[in-house]
Amino acid sequence: MPTNGSQEGQKTNFQEKENGDRDFSIELNSNKHLTRLSTSSNDASGGVLIEGTLGRLQHASFVEPEILEVKGSYGVMRLNVRKSEVKDTVKKHVGGEEQ
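Residues 32 to 130 in our numbering are what the sequence shown lists, from first letter to last.
And the structure:
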């Protein structure tokens, strides 16, 4: 996934792909905050599981029109998604009411 660098505050080049695929990134201050990283080579899906902790929530906001950033004391996670998509999904999954 292309980025302009992994330092905090630098912009990422996330873009929605023509097929609708979305980019994401996870930056942790230390590998000790990575709980599990596993790949599934035993089945045809080839799945990957990434688990860890971002620490205490410092903020969650859209830092660009299509980049949701969740920042914790141990790292940051960014996801290429539009605010309207998040709202629509929340409405769909909580009975039509926004939380």
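Glycine included, each C-beta is placed from N, C-alpha and C at the ideal position.
Remember, it's a predicted structure, so these values are computed and weren't measured experimentally.
Counting only unbroken stretches of 3 or more residues, the beta strand (DSSP E) elements lying wholly within the region 46-81 are 55-59, 65-70, in sequence order. Note on geometry: alpha-carbon atoms of Ser71 and Lys118 lie some 32 Å from one another. Cβ-Cβ distances below 7 Å link His90 to Lys102 in the same chain, with the five nearest sequence neighbours on each side left out; the list follows chain order.
In this chain, the beta strand (DSSP E) harbouring Val101 covers 98-103.
DSSP lists Lys102 as the bridge partner or partners of His90.
In the structure shown, Val107 falls within a strand segment according to DSSP collapsed to helix, strand and coil. Within the model, the alpha-carbon separation for Thr120 versus Asn111 is close to 15 Å. In the DSSP assignment, Thr120 falls within the alpha helix (DSSP H) that extends over 114-124.
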